[in-house]
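Residue numbers (my numbering): 471 to 744.
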């Protein structure tokens, strides 16, 4: 019985033979499908070709740079910036390497803190410059000063430190104008970077000097009068707030008081008057 059921099932699955008319219909359907596929492929090919032609024209004929504008700098005039800029008129607007040009400006012109370069259709490049300001200074052996911005980029060597925070006991390994200063000791360099970042983040405007002699010996001078002995750079925020609060109390009693504050980041602090 099971064999009979399997045989009946096979008969049901077997399709009856097609007539000549049915075969023609099936063949015609296949031909139409092939023609439709060919047409679609031809249309896609034409579209891709048109896109390629437009792209080539845009990169070779259209969107040439006609003008380059410079704004924002009070240190360098437009001619000076353009003389250093690697982008030139006549280049293609979209092929111009704006990142490379911005980097070149920041290296070749020390007082360029940042340069933002934007494209503006149909053919203009806009350069927006932010000037750097002397934020830190290192006294050299010849009694000159190496001036740096707040990221320790070397701006120039001057006879006076201007309005800068003095980095005390600093040994510079390299101080090339336009590049980041390299300190001889890596641990000292890391600590000085943390101190500078904390001064920036917590708006410590009264800081007049910073110093690092290693991971466990770091300090900030308040108003040229009071030394914040910080120890390590851990809990810098708490230590700085603690020191500023202590100085506010000390200044109420004597605005010209001098001394040393040993800060722990906890409730206690220790002040030694000079």
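Every residue, glycine too, gets a C-beta built ideally from N, C-alpha and C. Since we're looking at a predicted model, the values are computed, not measured.
Candidates 608, 515, 544 and 629: which alpha carbon is nearest residue 640's? 608
Thinking C-alpha only, which one of 586, 605 and 593 is nearest residue 599? 586
Contact between the segment 553 to 565 and the segment 590 to 597: three or more CB pairs below 8 Å? yes
Proximity winner among 678, 629, 501 and 559, relative to residue 533 (alpha-carbon distances): 559
Measuring CA to CA, which of 511, 703, 631 and 597 is closest to residue 660? 703
Measuring alpha carbon to alpha carbon, tell me which of 541, 629, 578 and 543 ends up nearest residue 555. 578
With a threshold of 6 Å on Cβ separation, who are the neighbours of residue 539 within its own chain once the five nearest residues in sequence on each side are excluded? 596
Below 8 Å on the Cβ atoms is my guess for residue 686 versus residue 665; work out the distance and round it to an integer in Å. Actually they do not touch by this definition, with Cβ atoms about 14 Å apart.
Helix, strand or coil: which one does DSSP assign to residue 498? helix
Report yes or no: do the segment 536 to 552 and the segment 603 to 620 share at least 3 C-beta pairs separated by less than 8 Å? no
Please give me, in chain order, every unbroken run of the beta strand (DSSP E) with length at least 3 that falls completely inside the segment 716 to 740. 729 to 733
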